[in-house]
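Colleague: FYI, the numbering for the sequence shown is -1 to 516, going by the numbering used here.
Ideal Cβ positions, reconstructed from N, Cα and C, are used throughout, including at glycine.
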Amino acid sequence: MNLFDYLRGQFPLDRERGVVVNPDGDQLSYRWLGERSAVFADAMEREAVAESSVVAVQVDKCPDFLALYLAILRSGRVFLPLNPTYTAAEVEYFLKDAHVGLLVCQPERAAEMQGVVKRAGNAHLLSLGTRGDGTLAEGAGRAIAQDRSPAGGGLVKDESSSASSNAAAPRDDDQPAVLLYTSGTTGKPKGAMLSHGNVRAMIDGLHESWGWRSDDVLLHALPLFHIHGLFVAATTALRAGATMILLPRFDAEVVLEYLPRSTVFMGVPTMYHRLAREERMTRERCSRIRLFACGSAPLSVPDFAAFQERSGCTILERYGMTETGMLTSNPLVGVRKPGSVGIPMPGVEVMLADQATLNLAAEGEVGEIWVRGPNVFTGYLDRPEANEDAFVDGWFRTGDLGRRDADGYYSIVGRARDLVISGGLNVYPAEVEWVLDSVEGVEESAIIGLPDDDLGERVTAVIVRSHPEVSAAAITQAARAQLAPYKCPRQIEFVSSLPRNAMGKVDKAQLRRSFEKI
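#1: Is it buried or exposed for V374, if we count other Cβ within 10 angstroms and need 16 for buried?
#2: Measuring CA to CA, which of K485, Q489 and D452 is closest to S469?
#3: Which of helix, strand or coil does DSSP assign to Y91?
#4: Alpha carbon to alpha carbon, what distance is there between T261 and D301?
#5: Please name the residue, chosen from M319, C284, L325 and G323, that lies closest to I313 on a Cα-to-Cα basis.
#6: So what does F38 bridge to, in DSSP terms?
#7: Here's the rule I'm using: 16 or more other beta-carbon atoms within 10 Å means buried, otherwise exposed. How should P258 be labelled?
#8: The alpha helix (DSSP H) with I70 in it runs from where to where?
#9: For I445, which of helix, strand or coil comes out of DSSP?
#10: Is the CB-CB distance between V266 and A219 below 7 Å?
#11: Run the CB neighbour count on K506, radius 10 Å, all protein chains shown included, and call it buried at 16 or more, exposed below.
#12: Taking contact to mean at least 3 C-beta pairs separated by less than 8 Å, is the segment 460 to 468 in contact with the segment 406 to 414?
#13: What beta strand (DSSP E) runs, 3 residues minimum, are completely inside the segment 407 to 431?
#14: If we count the other Cβ atoms within 10 Å of its Cβ and call it buried at 16 or more, is S494 buried or exposed?
#15: On a Cα-Cα basis, can you pick out the residue from P427, D451 and T133 that is closest to V504?
#16: What distance in whole Å lies between the Cβ atoms of V230 and M324, which are believed to be in contact at a cut-off of 8 Å?
#17: Given that a residue counts as buried once 16 or more other Cβ atoms are within 10 Å of its Cβ, and exposed if not, what is G113?
#18: Thinking just about the alpha-carbon of each residue, which of I341, G340, P336 and D391 is nearest to the one in N357?
#19: Output yes or no for whether 7 Å exceeds the beta carbon distance between G340 and T355.
#20: Which residue comes first and which comes last in the alpha helix (DSSP H) that contains A304?
#21: Hey, S443 and D435: beta-carbon distance below 7 Å or not?
#22: Please state whether DSSP places W393 in a helix, a strand or coil.
#23: Using beta-carbon positions only, say whether V47 and G99 come within less than 7 Å of one another.
#24: Would you please state the rounded distance, in angstroms, between the beta carbons of L222 and A232? I believe it to be under 8 Å.
#25: Measure the C-alpha to C-alpha separation of L350 and S338 and round it to an integer number of angstroms.
#26: Span of the alpha helix (DSSP H) holding E251?
#27: Around the C-beta of M419, are 16 or more other C-beta atoms found within 10 angstroms, so that it is buried, or is it exposed?
#28: In three-state DSSP terms, what is I201?
#29: Given a threshold of 16 other Cβ atoms within 10 Å of its Cβ, counted over all protein chains shown, does L204 qualify as buried or as exposed?
#30: How about I243 and L273: do their beta carbons lie closer than 7 Å?
#31: Going by CA-CA distance only, name the one from A471, R72 and E43 that's closest to Q173.
#32: Rounded to the nearest angstrom, what separates D22 and P246 at their Cα positions?
#33: Helix, strand or coil: how does DSSP classify Y84 here?
#34: What does the alpha-carbon distance come out to for the pair V102 and R198?
#35: According to the neighbour-count rule (16 or more other Cβ atoms, all chains shown, within 10 Å of its Cβ), is D387 buried or exposed?
#36: In whole angstroms, give me the CA-to-CA distance for N424 and L26.
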């Protein structure tokens, strides 16, 4: 089944129910979302965008973004979201690599992108702004005008009245729905192909595990171009027939204002770190929230505890990837272990493989996380060698390193590529970072390996201080009290902030490049 038809089947019977509430107070209904997606699909047809082609969307977060996402799904095309801050050169790479048939950009960048689409192979170009402006919106307006009756009556509020058939384009479970690019910290980004069945399996697992309800109100402060904001948050909310308060970006003051009206909030560790330090973040303010979920990067144990103390709520940590959606989660009801990402999601199989032998790792031992299930992507676009490396006997090798405890809970100790090998011994960054982050005066830390003539790699701690008086000696002393000598940092660098990607993950590749030059 086309993912759009599946989602529409879950919408409330009362289509006047709100789907999006904007910060300015405007409410848009599920009927609006269906109609808007239909006329956007019509506009693409009028533009003669080839069937099954990839549609790249580089627009700012707004309700029309969601409508366009659904329009691309319902028309049988493939949705490719792009970070609105990407430069023209970055966009050109994606257009060429994905063989894009249509780029939808911000209106103010349309002139800039004309040359880009031409160099990329003469893709179509449309624009869409946050205020309903742009050439795509104009095309949608023309479609609406054609739906008015000859007698001058109003728009018929039945999406089947548009030129698009009420039924979505037929698509099988294994046909592509979405193309998402990995972060590319070790090379050029790769496009992960997610099918209609992959996405449905993801959101069904989340719906079951996290107890989504139609009366939920999701406070959405994440980007929509990333799997966290697009699938884990927005698409799963649509699957539940719930309502979203759609914030253009994360702002602690604005989030605090809307928390009393919400039941679900999802964020990255940086958001929780900031909220835990807000005096207005009280238990009373969080009294309606039934779920605070965190992901996209590891949440430090001190931040977990500080948020719990401030809000009275226990954050639910989970683990997933661009290529797979959610893989594990702490339970909605039951023990949520700080520093753990929980147990496998419904339908997901997880195993830990010894990196040297590829055999099963023993309980408590570190291994590479391998997964399989209906949520796992179909492969990297035009990357046969990468696919051969990524899959072994139907298992996807995530490249993440983890442990499993006696209760079956998993914890992430780092990326395989971030592993530090010092004097022939493995040092897992997350283990050291948890210790350093608990030191008074340390706001956050990142562990990297730098070249060392003697040890091969030197364990290096890059520290952001919350108190300027904290010294390297104090940090070293704290590490030695809790860690084996080979794990303790031999070099400590202080910085004002850590470099991050769009979802808040520390860019360790950039850190290594920066300090290797010193």
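Modeller: The relevant details are as follows:
#1: Position 376 of the sequence shown, counted from the start, is the residue given in the question as residue 374. Buried is the call here.
#2: For the purposes of this step, residue 469 is identified with residue 471 of the sequence shown, where counting begins at 1. The shortest CA-to-CA distance from S469 to any of K485, Q489 and D452 is the one to Q489.
#3: For the purposes of this step, residue 91 is taken as residue 93 along the sequence shown, with counting starting at 1. In the structure shown, Y91 sits in a helix (DSSP, three-state: H, G or I).
#4: Position 303 of the sequence shown holds residue 301. Position 263 of the sequence shown holds residue 261. Taking the straight line joining both Cα atoms gives about 21 Å.
#5: Position 315 of the sequence shown, counted from the first residue, corresponds to residue 313. Of the candidates M319, C284, L325 and G323, the one whose C-alpha sits nearest the C-alpha of I313 is C284.
#6: Taking the sequence shown and counting its residues from 1, the one referred to as residue 38 is at position 40. The partner list for F38 (beta bridge, DSSP) is empty, contrary to what the question assumes.
#7: Counting from 1 along the sequence shown, the entry for residue 258 is found at position 260. Counting Cβ neighbours within 10 Å, P258 comes out exposed, since fewer than 16 surround it.
#8: Here residue 70 refers to the residue found at position 72 when the sequence shown is read from its first residue. That run of the alpha helix (DSSP H) goes P61 to R72.
#9: For this step, residue 445 is matched to residue 447 along the sequence shown. Three-state result, I445: strand.
#10: Taking the sequence shown and counting its residues from 1, one reaches residue 266 at position 268. Taking the sequence shown and counting its residues from 1, one reaches residue 219 at position 221. Not closer than 7 Å, so no.
#11: Reading the sequence shown from its first residue, position 508 is the one you call residue 506. With 16 or more Cβ atoms within 10 Å of its Cβ, K506 is classed as buried.
#12: no
#13: List check, beta strand (DSSP E) in window: 408 to 413, 418 to 420 and 423 to 425.
#14: Counted from its first residue, the sequence shown places residue 494 at position 496. S494 is exposed by the Cβ-count criterion.
#15: In the sequence shown, residue 504 corresponds to position 506, counting from 1. Out of P427, D451 and T133, P427 has the C-alpha closest to the C-alpha of V504.
#16: Taking the first residue of the sequence shown as position 1, residue 324 is located at position 326. Taking the first residue of the sequence shown as position 1, residue 230 is located at position 232. Right, the Cβ-Cβ distance comes to about 6 Å (below 8 Å), so this counts as a contact.
#17: If you number the sequence shown from 1, residue 113 lands on position 115. Its Cβ having fewer than 16 others within 10 Å, G113 is exposed.
#18: Here residue 357 refers to the residue found at position 359 when the sequence shown is read from its first residue. The shortest Cα separation from N357 among I341, G340, P336 and D391 belongs to D391.
#19: Counting from 1 along the sequence shown, the entry for residue 340 is found at position 342. Counting from 1 along the sequence shown, the entry for residue 355 is found at position 357. Not a contact, by the Cβ cut-off of 7 Å.
#20: Along the sequence shown, one-based indexing puts residue 304 at 306. V299 to S309 is the extent of the alpha helix (DSSP H) around A304.
#21: On the sequence shown, position 445 is the one that residue 443 refers to. On the sequence shown, position 437 is the one that residue 435 refers to. Going by C-beta atoms, S443 is nearer than 7 Å to D435.
#22: Taking the first residue of the sequence shown as 1, we reach residue 393 at position 395. Looking at W393 - three-state DSSP - the assignment turns out to be strand.
#23: Position 49 of the sequence shown, counting from 1, holds the residue named residue 47. Position 101 of the sequence shown, counting from 1, holds the residue named residue 99. Closer than 7 Å, so yes.
#24: Within the sequence shown, numbered from 1, the residue matching residue 222 stands at position 224. Within the sequence shown, numbered from 1, the residue matching residue 232 stands at position 234. Yes, L222 and A232 are in contact; Cβ-Cβ is about 6 Å, under 8 Å.
#25: In the sequence shown, counting from the first residue as 1, residue 350 sits at position 352. In the sequence shown, counting from the first residue as 1, residue 338 sits at position 340. Distance between the alpha carbons of L350 and S338: 15 Å.
#26: Translated into positions along the sequence shown, residue 251 becomes position 253. Per DSSP, E251 belongs to the alpha helix (DSSP H) from A250 to Y256.
#27: Residue numbering aside, residue 419 sits at position 421 when the sequence shown is read from its first letter. Just to set this straight, residue 419 is Ile in the shown sequence, not Met. Exposed is the call here.
#28: The sequence position of residue 201 within the sequence shown is 203, counting from 1. Three-state result, I201: helix.
#29: Taking the first residue of the sequence shown as 1, we reach residue 204 at position 206. Its Cβ being crowded by 16 or more others within 10 Å, L204 is buried.
#30: To locate residue 243, count along the sequence shown from 1; it is residue 245. To locate residue 273, count along the sequence shown from 1; it is residue 275. No, they are not a contact pair.
#31: Taking the sequence shown and counting its residues from 1, the one referred to as residue 173 is at position 175. Closest by alpha carbon: R72.
#32: What you label residue 22 is simply residue 24 of the sequence shown in a count that begins at 1. What you label residue 246 is simply residue 248 of the sequence shown in a count that begins at 1. Between D22 and P246, the C-alpha separation is close to 11 Å.
#33: Taking the sequence shown and counting its residues from 1, one reaches residue 84 at position 86. Note: Y84 maps to coil in three-state DSSP.
#34: For the purposes of this step, residue 102 is identified with residue 104 of the sequence shown, where counting begins at 1. For the purposes of this step, residue 198 is identified with residue 200 of the sequence shown, where counting begins at 1. Distance between the alpha carbons of V102 and R198 is about 25 Å.
#35: Looking up residue 387 in the sequence shown gives position 389. Exposed.
#36: Counting from one through the sequence shown, the residue named residue 424 turns up at place 426. Counting from one through the sequence shown, the residue named residue 26 turns up at place 28. Answer to the nearest angstrom: the Cα atoms are 53 Å apart.
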